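Numbering (the numbering used here), first residue to last: -4 to 751.
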Amino acid sequence: MFSQLRQIVEQFGEASTLSDAMNLLVQQTKSTMILDCCSIFVTNQETQKLTLMASEGLDSQVVGATHFNLDEGIVGLVYQKGEPINLVNVSEHPQFKYLPSSNEEQFNSFLGVPIIHKRQVLGVLVAQQRTPRLYNELEESFLVTLAVHLGSVLGGTLLDLPDETESKSRSLHLQGSPASSGISINKAHVLQAHLLLSDVGIELSEDPDNEMISFSNAVQSCADEFSKVSITLKEQVSKDAFMLFDVYGHLLQDKALLSAIEVQIRQEKLTAKSAVKRVSETYIEQFESMSDPYLRERAVEIRDVGQRLLYHLSNRDDEQQDFPDEIILVAEEVTISMLAMVPPDKLKGIVSVRGGLSSHIAILSRTLGIPAVLGVPLRLKSIAQKNIIINGYAGTIIIEPEDSLVAEYQILLDEENEMKALVELEANQAAVTKDGCEVELLLNTGLNSTPDVFSEHNFSGIGLYRSELPFMLSNAFPTEQEQVSTYKSLFDQYQNLPVTMRTLDIGGDKQLSYFPINEENPFLGWRGIRLTLDHPEIFLIQIRAMLRASIETQNLRIMLPMVGSVGEVEESKRLIEQAWQEVCWEQALSHEQFPLPDIGVMIEVPSAIFIIDQLAPLVDFLSIGTNDLTQYLLAVDRNNSRVADLFDSYHPAVLQAMRMILEQSEKNNIEVSICGELAGDPIGLLMLLGLGYRKLSMNAFNINKVKYLLNKITVSELQACTEVALKGHDGAFIKQTFIDYLDEKGLGGFVRAGKK
Ligand code: PEP
Ligand code: MG
């Protein structure tokens, strides 16, 4: 029996629709377990019923038309108890409820197993036989295993559940990843590629020269198209984020890609379309098979460019799609070329079936300040032209929301807009609390990108420059000179302010296509300083580039990521000093003319907290990376949606750790700041101020909001709240303590807009 299990699971996964998959599962389970009946009931949360969705054994008329209340019958009992129920004779059970017209009366034995995903009972899998008997342990374990598989599939799928009555509410709530915060209430506008790579067949041509001409023209049209978008977007996004668009330019000039297509046209005699299909699909397959998200992202770009080339090869006139005034763009995979098609002032939200938090579309939507939810289990047909709400804070979307929900979200949206206006109004005020406590606000830039238009008066320096992006967008490690010019533009842009540059922090979730690292446990593996110390040549080139780029402005501070031991700092300092000596010598600068920049470490690996006494004498500053620190303290992967609700930034352990770091830093008389997301989060801000932190680095979009809040709150009150919070047993209590404080001050809107 167990030898069949794998086959059933595999075939179940391969079925083209969920309903086919369920039918297949009941058929195969029935024959493998030699049952007389096997059925699947699925929970409908809207109607609060269990609906019979598939059965092999019950009358087919009742499938889709039979509904139990959640506490009705033995199926309801399995639902309520959340555990298997094994009965010799089901009809003798006091809670038995007969299913009319189902032929159920012929069955006696009953084994019902709950189908569970993320603690929620999504349905019940039932085995029945005529013979009255108890199912044995092996049979029970077989059915439980199948139910677990069924649970993970049902948990990520949108179901068409038949209603037996008019449903109480027609709105449908779906969960995705919160890629960019904000709320939007608008009509969904579904975009699909005109011609998919998979739509094109392999055809031969008799005129390769002509095909080559068509292909070159298509490449040119694509390049023109992207450069047109680039010009519009250049004004809206930072230089770093803008480089994402440049990837397309690079792809369209990529010699390997272009000559592979040419070989297909000239030597294999394929039509230009077929050649584009064949080469793109080969590349896509290679990248898609890679396990890390950044490399898979290249597959998305190649597909996007390939399909755009097909579009131009189809000789279609440039489509002038008419977009209504405001839309939420929805697609299977929202791509950069789709963004290019929608006029920026009309784009009010993004929903994508595919894509994760580190996808390029996620980075861009954050930069553009457009609410976005990615990875939503959605059928495009079911959403086209429907009203939807996006909650980019919680990563949820609501399709066809009822009026009351629209009204509720409209209030949140109005509050959000009001707050934005208020916040803008006070943007140039000093970052001081109501009781006169000055707080230093700095900017995080690099991967999370900052609009160039952002006023310099609003912050006192760059607290974290994530140097990974130029490395990620390159086809090989960028040369020293390339790095010098990237960094120099940043030093020049902020020439009167300190710029804290973090050395390369790849590994974990940040990967380079030309330097793949395959590890079982990448977040605990070769990342950050561990990797660059193992490759001193990469580290030295980067440090030399940072130093050379900052000779004129002398505003560089160097920060080391993922430090967990004193030895790492000693070795890094030795290399930094070596690079500095070289640069001084090459540029004929004395040490007085070009002093060694300040060096700091990130406190984001828990071990670092306990060795601050030893680290402090070696460096000039500490900066806390609360994103990683939370992930490592709580042992919760920051990018894993399965455990997203355990990633609790207000967990008492996080609060205690923050208190300890501050105490240790004060004792050692060393500067300490925060550069993780917590600093820009309203609750996190209050918590950190209450603890005593006075130097915070955050994303551009949070700076004005934080300033506004600072002006309305008093540190002495926050200290009292923090005392209460420090006694809390869980994150919810700690969070609520500060929400109550904000509510008291009439500032509750700042957390309500982020409601789950
Ligand atoms: C952090 O871990 O908090 C941090 C600021 O670094 P990153 O998010 O880039 O890992
Ligand atoms: Mg980090």
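Ideal Cβ placement from N, Cα and C applies to all residues, glycine included. These numbers were taken from a predicted model, which means no experiment stands behind them.
Which of helix, strand or coil does DSSP assign to residue i?
i	result
T709	coil
T160	Confidence is the limiting factor: at T160 the pLDDT is only 42, short of 50, which leaves the residue's position unreliable, though a coordinate-based value still follows. Coil.
T495	strand
S284	coil
H88	coil
H189	coil
S508	coil
M28	coil
Y74	helix
I501	coil
F63	strand
H724	coil
L199	strand
L265	strand
F(-3)	helix
Y93	coil
E9	helix
H355	helix
H586	coil
M17	helix
L673	helix
F472	coil
Which residues does DSSP list as the beta-bridge partners of residue i?
i	result
L617	V596 and V667
F36	L47 and V119
E433	V427
F105	L82 and Q123
K690	E435
Q23	Note: Q23 sits in no beta bridge, so no partner.
Y482	Answer is none; Y482 lacks a bridge partner.
Q170	T391
L551	V494
Y278	DSSP output for Y278 lists no bridge partner at all.
S175	A367
L459	N439
I110	G118
Please go through the same chain and pick out, in chain order, the residues whose beta-carbon is closer than 7 Å to the beta-carbon of residue i, but skip the five residues on each side of it.
i	result
Q123	L30, D31, C32, G52, F102, S104 and F105
L19	Q6, F7 and A10
A674	L680, L683, L691, S692 and M693
Q380	K182 and A183
K264	L199, S200 and P203
E67	K92
I794	The question about residue 794 has no answer here: the residues shown for the chain are numbered -4 through 751.
Start and end of the beta strand (DSSP E) containing residue i?
i	result
A183	I178 to V185
Cutting at 6 Å between CB atoms, please list the residues of its own chain near residue i, excluding the five before and the five after it.
i	result
K272	L192 and V195
E198	T266 and S269
P592	L551, R552 and I553
T160	Any reading at T160 needs caution, since the residue's pLDDT is 42, under 50, leaving its predicted position unreliable; the model's value is listed next. Nothing meets the Cβ criterion.
Grab the span of the alpha helix (DSSP H) containing residue i for me, first residue to last.
i	result
R539	P531 to A544
L141	E132 to G150
M655	P647 to K662
A255	K250 to R261
L606	A small fix is needed here, since residue 606 is Ile in this sequence, not Leu. First-last for I606: undefined, no H or E at that position.
R569	V561 to E581
For residue i, collect the residues of the same chain with a Cβ closer than 8 Å to its Cβ; drop the 5 residues on either side in sequence, then sort them by chain order.
i	result
R539	E475, A574, E577 and V578
L65	T38, Q43, K44, L45, G71, Y74 and Q75
E463	G441, L442, L499, D500, I501 and K505
P601	L624, Y627, L628 and A652
I35	M17, L20, V21, L47, M48, A49, S50, I110, G118, V119, L120, V121 and L145
K163	Reliability fails at K163, whose pLDDT of 47 lies under 50, so the model's placement of it is uncertain and the value that follows must be treated cautiously. Around K163: E41 and T42.
T732	C716, V719, A720 and G723
May I ask whether a heavy atom of the ligand NAP can be found less than 6 Å away from the beta carbon of residue i?
i	result
T27	Ligands displayed in this structure: the ligand PEP and the ligand MG; the ligand NAP is not among them.
Inset, instruction - Identify every run of the beta strand (DSSP E) within the stretch 369 to 413, keeping only runs that are complete inside it and at least 3 residues long; order them along the chain. - result: 382 to 386 and 391 to 394
Inset, instruction - Go through the stretch 295 to 353 residue by residue and report every complete run of the beta strand (DSSP E) that reaches 3 residues or more, in order. - result: 322 to 326 and 342 to 347
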